[in-house]
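These notes concern the structure reproduced below.
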Amino acid sequence: MKPPPFDYHAPHDLDEALAVLAGTGGDGKVLAGGQSLIPLMNMRLAAPAHLVDINRLAGLATVEAGADGVRVGALARHAEVERSERVAQVQPLLRSALGHVAHPVIRNRGTVVGSLAHADPSAELPAVLAVLGGSVRVARHGAPPRDVPAGEFFLGPLEPALAPGELAVSAFFPAVPPRTGTAFVEVARRHGDYAMAGVAAVVTLDDDQRIAAALVACVSAGPVPVVLDLTAACGRRPAASTDWAAVAAEVRDRVDPDGDIHATAGYRRHLTGVLARRALRIAAAEAAGEYGWTDER
Amino acid sequence: MSGKRGWPVGEALHEVSLTVNGVVRQARVPARRLLSDFLRHDLGLTGTHVGCEHGVCGCCTVLLDGAPVRSCLTFAVTVAGQEITTVEGLAGPDGEPSPVQRAFAECHALQCGFCTPGFLCTVTALLRDNPEPDELHIVEGISGNLCRCTGYQNIVKAVGRAAELAREGGEGTA
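Chains as they are written, first to last, in this note's numbering: chain A, 1 to 297; chain B, 1001 to 1174.
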């Protein structure tokens, strides 16, 4: 349970970090919070030849919440984003999802962008970025940074769209639009464990309180966050008269989870349907301004 | 074949200097030296316990610039120059147990004691950030620390008691 040797690099600014990372070729790995990478190294499931430690790049420890959304720098810890009242106003889905990310002590060290770059389909934040249609800003040595949309960032399990030498410098989570509510729900065997199933939902109502748009991203339901547009299934009706059983059935039909020792594929499929219905109803109630809505939680 | 202090020959060593419990301490270690092992093996501070070494059990929790973190999921070299508080640093300057330590003893919140250093560090920070937590906050706050002896009930009680003791102490000195 001790990590294997590696060459350690501790750059002091972004240019230096990108140059060092470029120099390591395909054998370099970025160390931010290390709360996913170091366990993998301790168990010798990962053995990068070079670690580029970005913890001295203070310029990346930023959380900027503006009218259009929240931009989170690569060194912003989960706990910092979770605590920010401004972030919770601009995009409340972040705080609801962050409460499910591991334990508070892990969140003191882990980073939001690190969770995205880890691209675990069982993790919460990739689903949040996916359902909101956010993006990841990727930098490389000697080239301008590029913004990769969430839909193109998650390529497979633990496989982000980051080429060797590239660094995810920030992520952008769009603000919640008017008449829109969000929710994050999950079921894990123990609080803080990876979810057996989870759903992030965004619901927008029209002027007559009917569901005008309903989107979910499902956790642990496929190789990447599974985004489903359920607007048609919800049928442009008020939440109170929506056929939620039919919506859940459609979710079950459209996800294809794997089974493992913790839950069969069939059970995960069932859970995803139940959670999608639950998350959509909470999001719809929030969109309608019915705060404190707790039925079926 | 091994070199100085058992590290493989050729492995680069880094001079790592940290402030631990208010004292500047340093040692030459490879970059892969976990903070938990740095504290225990290089500095001889064996109060920090090592259970799972992959972040699940919470026994190795220490305070990094005041915030509880897993020392087994942190490389010592990464936190060079920062301040660490271990369980050895929780008592007062005269060795008087802190309110959290007193409450754990009073409430029988430990049996074998293996998990206790991690709980004490976690709870110290928890009560500093939230001096009057309700039971939900307490349970959430200690959810990342495993105890295989107590069944947690007395630990939850001890956190509540520690909050009381801290308030009493605060009033006493005011």
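Backbone N, C-alpha and C fix where the C-beta goes; we use that ideal spot for every residue, glycine too.
The structure displayed is predicted, hence computed values, not measured ones.
Asked	Found
Along chain A, which residues have their Cβ under 7 Å away from the Cβ of H1041 (chain B)?	Those do not exist, as H1041 (chain B) stays about 11 Å from chain A at its closest Cβ, beyond 7 Å.
Quick check for students: name the residue ranges of the alpha helix (DSSP H) that lie wholly in the region 14-73 of chain A, counting only runs of 4 or more.	14-23 and 37-42
Does the contact criterion of 3 or more C-beta pairs under 8 Å hold for the region 165-177 of chain A versus the region 127-144 of chain A?	yes
Is there contact here, the region 183-200 of chain A with the region 214-221 of chain A, by at least three beta-carbon pairs under 8 Å?	yes
If distances are taken between C-alpha atoms only, which option among B:H1041, B:A1027, B:R1025 and B:G1055 comes closest to G1118 (chain B)?	B:G1055
Going by the DSSP bridge assignment, what does Q1026 (chain B) pair with across the sheet?	B:S1017
Between the region 1119-1127 of chain B and the region 1089-1108 of chain B, do at least 3 Cβ pairs fall closer than 8 Å?	yes
Please confirm whether H1049 (chain B) has its beta-carbon closer than 8 Å to some beta-carbon of chain A.	no
Which term fits A1012 (chain B), buried or exposed, when burial requires 16 or more other beta carbons within 10 angstroms of its beta carbon?	exposed
According to DSSP, simplified to helix, strand and coil, what is H9 (chain A)?	strand
Pull up the distance between the alpha-carbon of L1034 (chain B) and that of A285 (chain A), whole angstroms please.	47 Å
Go to E250 (chain A), then tell me how far its alpha helix (DSSP H) extends in each direction, as first and last residue.	W244 to R254
Count the other C-beta atoms from every protein chain shown that fall within 10 angstroms of the C-beta of P160 (chain A), then say buried if there are 16 or more, exposed otherwise.	buried
Who pairs with R137 (chain A) in a beta bridge, going by DSSP?	A:D147 and A:S170
In chain order, what are the residue ranges of uninterrupted alpha helix (DSSP H) at least 4 long that sit wholly in the region 157-244 of chain A?	231-234
Please go through the region 1040-1084 of chain B and give each complete beta strand (DSSP E) segment of 3 or more residues, from N-terminal end onward.	1061-1064 and 1067-1070
Give a yes or no on whether the minimum CB-CB distance between V131 (chain A) and chain B is below 8 Å.	no
Which of the three DSSP states is assigned to T111 (chain A) in this structure?	strand
Can you check whether the C-beta of P1099 (chain B) is within less than 8 Å of a C-beta belonging to chain A?	no
Just checking: is the beta-carbon of P39 (chain A) within a distance shorter than 8 Å of some beta-carbon in chain B?	yes
Counting only runs of 4+ residues fully inside the region 1083-1161 of chain B, write out the alpha helix (DSSP H) ranges in chain order.	1099-1106, 1116-1129 and 1135-1141
Can you tell me which of the three DSSP states L280 (chain A) falls into?	helix
For a contact defined as C-beta to C-beta under 8 Å, what are the partners of G1089 (chain B) on chain A?	Within chain A, no residue comes near G1089 (chain B); the closest Cβ sits about 17 Å away, beyond 8 Å.
Does any residue of chain B bring its CB to less than 8 Å from the CB of Y194 (chain A)?	no
Tell me which residues of the region 1066-1077 of chain B have at least one Cβ-Cβ distance to chain A shorter than 8 Å, keeping chain order.	A1067, P1068, V1069, R1070, C1072, L1073, T1074, F1075 and V1077
Looking at chain B, which residues of the region 254-265 of chain A have a Cβ within less than 9 Å of any of its Cβ atoms?	none
Beta-carbon within less than 7 Å of V1156 (chain B)'s beta-carbon, same chain only, minus the 5 sequence neighbours each way: which residues are those?	E1135, I1138 and V1139
Which residues of the region 1010-1036 of chain B have a Cβ closer than 8 Å to any Cβ of chain A? Give them in chain order.	E1011, A1012, H1014, P1030, A1031, R1032 and L1034
In the DSSP assignment, find the unbroken alpha helix (DSSP H) run with H318 (chain A) in it and report its ends.	Nothing about residue 318 (chain A) can be reported from this structure: the residues present for chain A run from 1 to 297 only.
CB-CB under 8 Å to R1032 (chain B), same chain, minus the five flanking residues each way: which ones, in chain order?	F1075
Contact between the region 24-32 of chain A and the region 1045-1065 of chain B is defined here as three or more beta-carbon pairs at a separation below 8 Å; is this criterion met?	no
Give, in chain order, every residue of the region 16-40 of chain A whose Cβ lies closer than 8 Å to some Cβ of chain B.	L31, G34, Q35, I38 and P39
Please name the residues in the region 171-192 of chain A whose beta-carbon is closer than 7 Å to at least one beta-carbon of chain B, in chain order.	H191 and G192
Using the Cβ count rule (16 or more neighbours within 10 Å means buried), how would you classify P225 (chain A)?	buried
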